[in-house]
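> Numbering of the sequence shown is given in numbering that gives the first Met the number 0, commencing with residue 0 and proceeding in unit increments.
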Amino acid sequence: MTTIEPRVRNRTPLTSLRSASRGERPLDAPSLPVRALKGLVLVVLCTLVIVPFVGIVSTSIAGPQEVSQAGGFVLWPTSVDLSTYRALFAGGVVTQSLFISGVVTVGGTLVSLTLSTMLAYALSRSAMVGHKLILMLVLLTLLFTPGLIPSYLTVKEFGLLDSLWALILPTAVNGFNVIVLRAFFMNIPGELTDSARIDGAGEFGIFWRVVLPLSRAVLAVIGLFYAVAYWNAFFNAMIYLNDSAKWPLQLVLRTFVINDTQLGSSQLGGTGEALPPQESIQMAILVISTVPILIAYPFLQRHFNKGMLTGAVKG
Numbered sequence: 000m001t002t003i004e005p006r007v008r009n010r011t012p013l014t015s016l017r018s019a020s021r022g023e024r025p026l027d028a029p030s031l032p033v034r035a036l037k038g039l040v041l042v043v044l045c046t047l048v049i050v051p052f053v054g055i056v057s058t059s060i061a062g063p064q065e066v067s068q069a070g071g072f073v074l075w076p077t078s079v080d081l082s083t084y085r086a087l088f089a090g091g092v093v094t095q096s097l098f099i100s101g102v103v104t105v106g107g108t109l110v111s112l113t114l115s116t117m118l119a120y121a122l123s124r125s126a127m128v129g130h131k132l133i134l135m136l137v138l139l140t141l142l143f144t145p146g147l148i149p150s151y152l153t154v155k156e157f158g159l160l161d162s163l164w165a166l167i168l169p170t171a172v173n174g175f176n177v178i179v180l181r182a183f184f185m186n187i188p189g190e191l192t193d194s195a196r197i198d199g200a201g202e203f204g205i206f207w208r209v210v211l212p213l214s215r216a217v218l219a220v221i222g223l224f225y226a227v228a229y230w231n232a233f234f235n236a237m238i239y240l241n242d243s244a245k246w247p248l249q250l251v252l253r254t255f256v257i258n259d260t261q262l263g264s265s266q267l268g269g270t271g272e273a274l275p276p277q278e279s280i281q282m283a284i285l286v287i288s289t290v291p292i293l294i295a296y297p298f299l300q301r302h303f304n305k306g307m308l309t310g311a312v313k314g
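1. Would you decide whether Gln281 is buried or exposed? Buried here means 16 or more other CB atoms lie within 10 Å of its CB.
2. Can you say whether Trp230 is buried or exposed, counting buried as having 16 or more other CB atoms within 10 angstroms of its CB?
3. Do Val209 and Ala183 count as a contact pair if the criterion is CB distance below 8 angstroms?
4. Compare the beta carbon distance of Leu223 and Gly174 with 8 angstroms and say whether it is the shorter of the two.
5. From what residue to what residue does the alpha helix (DSSP H) around Lys155 run?
6. Would you say the beta carbon of Met282 is closer than 7 angstroms to some non-hydrogen atom of the ligand FMN?
7. Out of Val154, Leu114, Thr113, Ala89, state which residue places its alpha-carbon closest to the alpha-carbon of Tyr239.
8. In three-state terms, what does DSSP make of Ile238?
9. Please report how far the alpha carbon of Gln266 lies from the alpha carbon of Tyr84, in whole angstroms.
10. By Cβ distance, which residues of its chain are closer than 8 angstroms to Val73, with the 5 residues on each side in sequence left out?
11. Under 7 angstroms Cβ to Cβ from Val48, same chain only, skipping five residues before and after it: list those, please.
12. Please report the distance separating the alpha-carbon of Leu44 from that of Phe52.
13. Three or more C-beta pairs under 8 angstroms: does that hold for the region 243-257 against the region 96-109?
14. Classify Gln95: buried if its beta carbon has 16 or more other beta carbons within 10 angstroms, exposed otherwise.
15. When the Cα atoms are used, what is the spatial distance from Leu159 to Trp75?
16. When the Cα of Val227 is compared with those of Thr144, Gly107, Gly263, Met185, which residue comes out closest?
17. Here's the rule: buried if 16 or more other CB atoms are within 10 angstroms of the residue's CB, otherwise exposed. What is Tyr120?
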């Protein structure tokens, strides 16, 4: 049995090549109806994703009368009206929350990348005392979560309530990202670090001058993971922030779009102009919360294959 199976497996490619040379369809190739069905399913799925997003953008830039006549949802506007965006960026709650989300995303990503990278590099060095115990503690965080009440009490005891640090520090280090970074660092050849050590570099010098320049791909991917998590996070803000002036954009999105709370003139900056329809305001907030991630993703996409696969193979 052990000698027959490889021969059977090797016949399929030869049969496929002979059939292809004779202009026939290979046996393992899908038939035309199957390919047509796959294409139809893909077209339907893409339509289900693209059409609602186009409708959201169109409603946000459509004129007030057109939105009212269409019942609150415009699929393709006849004219472009940016009065909704002017109202949102006039200095009201959306402008303020957008600034706070930017600060939390940039600051939190820098803090998380710094802590996670240093921890992962230390765990990749077998000479570090207690690295197995610390690695086990990191792995335990993937299996057990502390729970809402212990987390809240911890944040309260450290005096972080109503502080933007409450949105960063409790989620500063993610165990999965640390494991991926550690696996990437372990794949770096030891000869490079040994040669740097012979040249007189210490551990921090090796980490800063040798390891980090070789880890740009995985750092870009992990940085994107952290940035998306900080940008989309609203639960910590809802739990830890009582002052609405410190709300990030996602909490504003949840309050005024999902809960369908009306935005007044004072909350939009008070420009004196007539307020756009609430449907246009809600759709514009959705667009503002989505566009930054859509802009950042294409610049980091080329690092995904190298960063994630290299970091995960020996994890």
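Cβ atoms here follow ideal geometry from the backbone N, Cα and C, with glycine treated the same way.
Based on what the coordinates show:
1. buried
2. buried
3. A quick correction: the sequence has Phe, not Ala, at residue 183. No; because the gap between Cβ atoms is not below 8 angstroms, this pair is not in contact.
4. no
5. Looking at the DSSP string, the run of the alpha helix (DSSP H) that includes Lys155 is 147-156.
6. Looking at this structure, you won't find the ligand FMN or any other ligand, since it has none at all.
7. Val154
8. helix
9. 14 angstroms
10. Gly54, Ser57, Thr58, Ala61, Glu65, Val66
11. none
12. In this structure, the CA atom of Leu44 is about 13 angstroms from the CA atom of Phe52.
13. yes
14. buried
15. 46 angstroms
16. Looking at the Cα atoms, Gly107 is the closest of the given residues.
17. buried
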